[in-house]
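The structure under discussion appears below in the form of structure tokens.
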Amino acid sequence: MVLTAHTSSEIAGDSAIRLRGVTKAYDGRGVALGPIDLDVQRGEFISLLGPSGCGKSTALRIVAGLIAPTSGEVNVAGRDASAQTGRAIGFVFQEPTLMPWASVRDNVRLPLTLSGISRFDADRRVDDALARVGLSEFGAAFPRELSGGMKMRVSLARALVTEPDVLLLDEPFAALDEITRFRLNNDLLTLWHSLGKTIVFVTHSVFESVYLSQRVVVMTARPGRSHAEIKIDVAGRDENFRTSAEYAAYCRQASLALAQASDMKAVS
Amino acid sequence: MSGVATDAARGVPLSRGVISRIVLPFVVLALSIFAWHLVVSVNNIPPYVLPGPALVAETLIQDWPILWSSLLTTLLTTFEGFIAAAVGGIALALLFSQSKWLERALLPYAVILQVTPVIAIAPLLLIYLPQQTAVVACAWIVAFFPVLSNTTLGLNSVDRNLAGLFKLYGASRWQTLRYLKLPAALPYTLGGLRIAGGLSLIGAVVAEIAAGSAGSGSGLAYRIAESGYRLNIPRMFAALLLLSVAGVVIYMALALVSHLLLRRWHESALRKES
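In the order they appear, the protein sequences are chains A and B.
Letter 235 of the first sequence, counting from 1, is numbered 240 in our numbering, and no numbers are missing.
Letter 11 of the second sequence, counting from 1, is numbered 35 in our numbering, and no numbers are missing.
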């Protein structure tokens, strides 16, 4: 991994996430990802869209610092990703990934507990995070007592509780039913508007990516590379948008790009 | 009339559950005791071959002072062995989870201790250790392995994504242990402890019998051996009865502790959905 020192003027720009020539290779399984370049502006909402196993989750985990890239350069919020402490990043996994032995409150408080914040200070922030996802009354509940959608909300609250600059979501709503998914999509957009965080959303759903994000990055499979970028330039995102011709057109465009990206794998 | 009938019908599901779980075992117990009594009285079996249930009960009451103090001795040994097994098993599992090298170096010896029959080790331990220590050591040897292997399994069963989350938030080794690994391993450890409770009683009894043949001791197992030499068969039965009851009580106590600790979150402790 190439480490490059950046002067503060370089990172004072609006780039929240910057990947340059990032690759990930696994022993015996060849190159899974890249090389890929990616720039995400501060406050931007982008989606990584690609077929299953295209390395989009790998890319997200590299940004989070959960796995190290084989080569390339990763910058998140002006810092090298290998030096990340969780403060700057919130991560939501595909499953809720809650501790079954702990109450909702304790689950949401976990990131604060781990960074040594006193219970008194933490409690206010936990209340705040729970209120944001509409679960104020469920603090004492245990994860198994909640529905799938509610568990995902707890997971979201936990990611928000550190007030991170960047929110990374790895197919968070893939396992939910459609009604719940639509509702959480809207809630996520509301959160994004009110908090102004940078969001990277990984999904294999064309419709979800177009509905949510300002920019869709379509990825090829094995190795995962950026194939196309689609800017979704619309003002309001609500049920009207979801049923509009404009939305359908964007979806067709994204579907075509996704089909091309999948074919490229077959050719190579 | 019809009102009474429906009331009775409504009462059926509840009483059926009570019957099958509580009443049924006692009916079986009463029937077997009666059958035992019949066999002894009809065949005129002398008490030094097979004493009847009434005689056993009588002996239990008559010899209560001796049997009670012996029971306390055995239970104390069992308890010490169990505590040693719990502490030793969990501590070893934690050490193994922190260092693969240590696990590779020591695990074979833990297995050897486990597979060597304790009845064969007990006489040796009695030579080298003071008697009470040797007896506790025997209880420990039999009981610690299920705690060790179950806790190890639990520590290795941590959810990968949760482990990733702890890494993401920069958790220290201690924090990961305290907030993630130990709670995740708890149901497994409790399962191991439940087995260890019964096993430490077995270990204590085996060691007492070995020690008893060496000529001293006062536990229940020693009473059984001693009564055997004297052909005091009713007392053997009474002591055996006390041992079984002790084993059942130990198991139930540990099951209760396990239930209380897990009831809010673990599948094993939850009621079946109706």
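Where a beta carbon is used, it is the ideal one built from N, C-alpha and C, also for glycine.
Since the model is a prediction, treat every value here as computed from it, not as a measurement.
Under 8 Å by Cβ, that's how I've got Val160(B) and Thr101(B) pegged, so tell me the actual separation to the nearest angstrom.
6 Å
Check whether the Cβ atoms of Leu116(B) and Ala134(B) lie closer than 9 Å to each other.
yes
Among Ala30(A), Ala262(A), Arg25(A) and Leu161(A), which residue has its Cα nearest to the Cα of Arg227(A)?
Ala30(A)
Nearest-angstrom Cα distance between Arg188(A) and Gly113(B)?
48 Å
Does Ser62(A) have its Cβ less than 9 Å from a Cβ in chain B?
Using a CB distance cut-off of 9 Å, Ser62(A) does not count as an interface residue toward chain B.
Helix, strand or coil, according to DSSP, for Leu284(B) in the structure here?
The three-state reading of DSSP puts Leu284(B) in helix, counting H, G and I together.
Option in Ile219(B), Val42(B), Ala270(B) and Tyr152(B) with minimal Cα separation from Thr175(B):
Ile219(B)
I'd like the list of long-range same chain contacts for Asn80(A), defined as Cβ closer than 6 Å, with 5 residues on each side in sequence excluded.
Arg23
CB contact below 9 Å: Asn174(B) versus chain A:
no
Counting only C-beta atoms, is Phe96(A) closer than 9 Å to chain B at any point?
yes
Kindly list, in the order they appear in chain B, the residues whose Cβ is closer than 9 Å to that of Thr208(A).
Ordered by position in chain B, no residue passes the 9 Å Cβ test against Thr208(A), which lies about 18 Å from the chain.
Chain B beta carbons: is any one of them nearer than 9 Å to that of Thr102(A)?
yes
Nonlocal neighbours in the same chain, by C-beta distance under 8 Å from Ala277(B), ignoring five residues either side:
Gly221
Hey, does Asp87(B) have any beta-carbon neighbour from chain A nearer than 9 Å?
Proximity of Asp87(B) to chain A, defined by a Cβ-Cβ separation below 9 Å, is not satisfied.
Proximal residues of chain B, C-beta to C-beta of Phe147(A) below 9 Å:
Chain-ordered, the chain B residues with CB closer than 9 Å to the CB of Phe147(A) read Arg288 and Trp289.
What does Ala195(B) touch in chain A if you count any residue whose Cβ is under 8 Å from its own?
Leu119
Pro49(B) CB to nearest chain A CB: under 9 Å?
Closer than 9 Å: no.
Taking 9 Å as the CB-CB limit, is Gly201(A) close to chain B?
Taking Cβ atoms only, chain B never reaches closer than 9 Å to Gly201(A), which makes this a no.
Closest Cα partner of Thr97(B) within the set Ala263(B), Trp60(B) and Ser196(B)
Ala263(B)
Under 8 Å by beta carbon: chain A residues contacting Tyr203(B):
Met104, Leu115, Thr118 and Leu119
With 9 Å as the threshold, decide whether the Cβ of Gly188(B) is near any Cβ in chain A.
Yes, contact with chain A.
Around the Cβ of Asn112(A), are there at least 16 other Cβ atoms within 10 angstroms (buried) or fewer (exposed)?
Counting other Cβ atoms within 10 Å of its Cβ, Asn112(A) reaches 16 or more and is therefore classed as buried.
Gly252(B) versus Ala270(B) - alpha carbon distance
21 Å
For Leu71(A), return the contacting residues in chain B, with the cut-off set at a CB-CB distance below 7 Å.
Gly188, Lys191 and Leu192
Which chain A residues are close to Pro207(B), counting only those with a beta carbon under 8 Å from its beta carbon?
Met104, Trp106 and Ala107
Among residues of its own chain, excluding the 5 on either side of Leu165(A), which ones have a beta-carbon nearer than 7 Å to its beta-carbon?
Gly95, Ala134 and Arg137
Cutting at 7 Å between CB atoms, please list the residues of its own chain near Ile165(B), excluding the five before and the five after it.
Leu137, Val142, Ile145 and Gly227
Give the interface partners of Asn180(B) over in chain A, defined as CB-CB distance under 7 Å, in chain order.
The premise fails here: Asn180(B) is roughly 17 Å from chain A at the closest Cβ pair, so nothing lies under 7 Å.
Could you tell me the alpha carbon to alpha carbon distance between Leu151(A) and Arg163(A), rounded to whole angstroms?
15 Å
Going by CA-CA distance only, name the one from Pro101(A), Pro105(A), Ala93(A) and Val159(A) that's closest to Leu206(B).
Pro105(A)
With 16 other CB atoms within 10 Å as the buried threshold, where does Ala240(A) fall?
exposed
With burial defined as no fewer than 16 other Cβ atoms inside 10 Å of the residue's Cβ, what is the status of Tyr72(B): buried or exposed?
exposed
Does the separation of the CB atoms of Thr140(B) and Pro258(B) fall below 9 Å?
If you check the CB distance, Thr140(B) and Pro258(B) do not come in under 9 Å.
Going by the CB atoms, is the gap between Leu193(A) and Ile184(A) shorter than 9 Å?
Taking 9 Å as the Cβ cut-off, Ile184(A) and Leu193(A) do not qualify as a contacting pair.
Within-9 Å CB hit, Gln89(A) to chain B:
Because the pLDDT of Gln89(A) is 48, which lies under 50, any placement of that residue in the model is unreliable, and the question is left without a value.
Spell out the partners DSSP gives Asp133(A) in its beta bridges.
Partner(s): none; Asp133(A) has no beta bridge.
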